[in-house]
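Per UniProt numbering, residue 1 is the first one in the sequence shown, and the count goes up by one each step. Report on the structure given below.
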Amino acid sequence: MATYAIGDVQGCYEAFQQLIELIGFNATRDKLWLVGDLVNRGPDSLILLRSIIKLGNAVIPVLGNHDLHLLLVAEGLSKQHSGDTLQAILDAPDRNNLLNWLRHQKLLYVEDEYALVHAGILPCWDIPQAAELAHEVETALRKENYHEFFLHMYGNEPNFWHDNLTGYERLRVIINAMTRLRVCTPDGKMDFAYKGPLQSIPQGYLPWFEAPNRASKSTTIIFGHWSALGLQIKENLIALDTGCFWGGRLTAIRLEDRRVFQVPCAPRVVAAFQQ
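See the structure below:
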């Protein structure tokens, strides 16, 4: 048995299939951990989502911002953006089953010394607290009245955490941290605009994982979301967004020995987005 973590796929089904063939993935014995952003921008979100669901319990995904965006668009609470490639899912005869499956996935997954999240974890959260907070959001997503939650899910404020937060503001901070975070101040104030490389981070901000006294340092956190960061493998940190959609590579890492596997992604995906 082996466990492979894979970076942001974003509807790039062809690259995904090539990668699982390269690693020799066997759904009867191996596990796939997916860092989120399963859908959107790439050309084949529908077939990708169906294929992931068919793998059953062999796959453990967490939700990314593009996955949540699909859920809101499907509810009529957000418009598709320029470059979105979600329409095939929205028009599919099995759309309700696909969306229901997505809505029941985790925001954070913890196993042994690893934590899987799409974007990041605020510096003040240790892993047990982060898991409890993620569960609050997962519960809201799975309720019958999830539409009401979706009405209040978007927004950049509050952009920091304190334990007295309640209601939708509390849930919004949790979602923003785990699906949108790249940089923050040393005390955890989030900035959502910056998407660039490490050397150009605005003054006063730093990568969330470099915040001093970060409470989650004892756990190896696996994440994606930040394509400009690229592949990063450190003792307690694995960043896997290597820009597949942008013509980069789709990356997997085998957790047992940290061997990296990569496949190139077709430039035509980028061209299709730019048209």
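Backbone N, C-alpha and C fix where the C-beta goes; we use that ideal spot for every residue, glycine too. All of these numbers come straight from a predicted model, not from anything done at the bench.
Between the C-alpha atoms of N57 and A15 there is a straight-line separation of about 21 Å. In this structure, the beta-carbon distance from A130 to I121 falls below 8 Å.
Non-local beta-carbon contacts of K189 in its own chain, meaning distances under 7 Å to residues more than five positions away in sequence, involve N159, F160 in chain order. In the structure shown, Y205 falls within a coil segment according to DSSP collapsed to helix, strand and coil. Taken through DSSP and simplified to helix, strand or coil, T179 comes out as helix. D37 is classed as buried because its beta carbon has at least 16 other beta carbons within 10 Å across all chains shown. Straight-line spacing of the CA atoms in F245 and L48 works out to 14 Å. Around P197, the same chain offers A228 as residues with beta carbons nearer than 6 Å, after the five sequence neighbours per side are excluded.
Between the stretch 169-178 and the stretch 132-151 there are three or more C-beta pairs closer than 8 Å, enough to call the two in contact. Here V260 is bridged, per DSSP, to I253.
With three or more CB-CB distances shorter than 8 Å, the stretch 25-33 counts as touching the stretch 49-68.
Taking one beta carbon from each stretch, the stretch 213-222 and the stretch 198-205 have fewer than 3 pairs nearer than 8 Å; the two do not touch. Rounded to whole angstroms, R182 and N40 show a C-alpha spacing of 20 Å. Around the CB of G243, 16 or more other CB atoms lie within 10 Å, so the residue is classed as buried.
Following the DSSP letters along the chain, one finds E132 inside the alpha helix (DSSP H) bounded by residues 127-142. Separation of S218 and D91 (C-alpha to C-alpha, rounded to the nearest whole angstrom) is 44 Å.
Under the three-state reduction of DSSP, V110 is assigned to strand. The C-alpha of S78 lies about 25 Å from the C-alpha of D241. For the pair I221 and L237, the CB atoms are nearer than the 8 Å cut-off.
For V73, the uninterrupted alpha helix (DSSP H) run begins and ends at 65-74, by DSSP. In this structure, DSSP gives D191 an extended state, which the three-state scheme calls strand.
In this structure, V263 lies away from I253, with their beta-carbon atoms at least 8 Å apart. When C-alpha distances from L46 are compared across G167, R103, L86, the shortest belongs to L86. Of G155, N65, N96, the smallest CA-CA separation from D84 is found for N65.
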